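Undergrad: The sequence shown begins at 290 in the working numbering and counts up by one.
Beta carbons are placed, not taken as given, at the ideal position from N, Cα and C, and that holds for glycine.
Note that the coordinates shown come from a computational prediction; the quantities given were computed from them, not determined experimentally.
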Amino acid sequence: MSIETIHKAKTILIALLIGVLPIIGSCSDREKEGDLIKELREVKEKDHHTAIDITDVVKKHIPIGMKKVDALEILKKNEFQVSDLKERRFPVTEFERVFSASFEMSRNPSQYAYTEARINIYINEEKVKKVWGSIFYHSL
């Protein structure tokens, strides 16, 4: 074998590894995902719209009347980034607290597009009074 052939083979091998390693990594991450995320991925695979209502799926995991701490724990176990909207500019007089949670479900390799699940939980008297959820496709 010539040195040029060996160099080309190394280049091809490196290119293959760069392409395959992220796929292997994402598969192992998905094995660890919680039930909520797994169910949201199933919904996303069936529905290819740019906005998908997932409120009914969220209600199965976070039912109305659930304690706030339990609802937030479910979101955190499913690796959602949770924000308390208490300090936001818009007043929400109907509810004592509102929490917004987001999870990046997928990202285009070019980094110009991604899919995100967003869930809002509305709280009164330390219990869930309303939930809302949607999966959005974002492109820049």
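Looking only at its own chain, which residues have a Cβ that is under 6 Å from the Cβ of T274, when we skip the five neighbours before and after it?
TA: Beyond the ends of the chain as shown, which are 290 and 429, falls residue 274; an answer cannot be given.
Undergrad: Which stretch, first to last residue, makes up the alpha helix (DSSP H) that contains D359?
TA: Your numbering for residue 359 matches position 70 in the sequence shown. 357-366 is the span of the alpha helix (DSSP H), which, as asked, contains D359.
Undergrad: For F384, which residues from the same chain have a beta carbon less than 8 Å from its beta carbon, with the 5 sequence-adjacent residues on both sides left out?
TA: Counting from one through the sequence shown, the residue named residue 384 turns up at place 95. Counting only Cβ-Cβ distances below 8 Å, and skipping sequence neighbours, we find Y411, I412, N413, K418, K419.
Undergrad: Please report how far the alpha carbon of N409 lies from the alpha carbon of K335, in whole angstroms.
TA: If you number the sequence shown from 1, residue 409 lands on position 120. If you number the sequence shown from 1, residue 335 lands on position 46. Going from the Cα of N409 to the Cα of K335 covers about 23 Å.
Undergrad: Does DSSP put D433 in a helix, a strand or coil?
TA: Given that the chain is displayed from residue 290 to residue 429, the structure contains no residue 433 and the question cannot be resolved.
Undergrad: Taking the C-alpha atoms as reference points, what is the distance between E331 and I301?
TA: Counting from one through the sequence shown, the residue named residue 331 turns up at place 42. Counting from one through the sequence shown, the residue named residue 301 turns up at place 12. Going from the Cα of E331 to the Cα of I301 covers about 34 Å.
Undergrad: Hey, could you find the ends of the alpha helix (DSSP H) T344 is sitting in?
TA: As a position in the sequence shown, residue 344 is number 55, starting the count at 1. Its alpha helix (DSSP H) spans residues 344-350.
Undergrad: Please report how far the alpha carbon of I353 lies from the alpha carbon of H337, in whole angstroms.
TA: Position 64 of the sequence shown, counted from the first residue, corresponds to residue 353. Position 48 of the sequence shown, counted from the first residue, corresponds to residue 337. Counting only the Cα atoms, H337 lies some 28 Å from I353.
Undergrad: I'd like the list of long-range same chain contacts for K357, defined as Cβ closer than 6 Å, with 5 residues on each side in sequence excluded.
TA: Position 68 of the sequence shown holds residue 357. I412, E415, listed in sequence order.
Undergrad: Give the DSSP-derived three-state secondary structure of T404 in the structure shown.
TA: Residue 404 sits at position 115 when you count from the first residue of the sequence shown. If DSSP states are grouped into helix, strand and coil, T404 belongs with the strands.
Undergrad: From the DSSP output, in three-state form, read off M341 for me.
TA: Taking the sequence shown and counting its residues from 1, the one referred to as residue 341 is at position 52. The sequence given here places Ile at residue 341; Met does not occur at that position. Strand, per DSSP.
Undergrad: Please go through the same chain and pick out, in chain order, the residues whose beta-carbon is closer than 6 Å to the beta-carbon of R407, but skip the five residues on each side of it.
TA: By 1-based counting over the sequence shown, the position of residue 407 is 118. These residues qualify, in order along the chain: S391, S423.
Undergrad: In the DSSP assignment, what are the bridge partners of V420?
TA: If you number the sequence shown from 1, residue 420 lands on position 131. DSSP output for V420 lists I410 as bridge partner(s).
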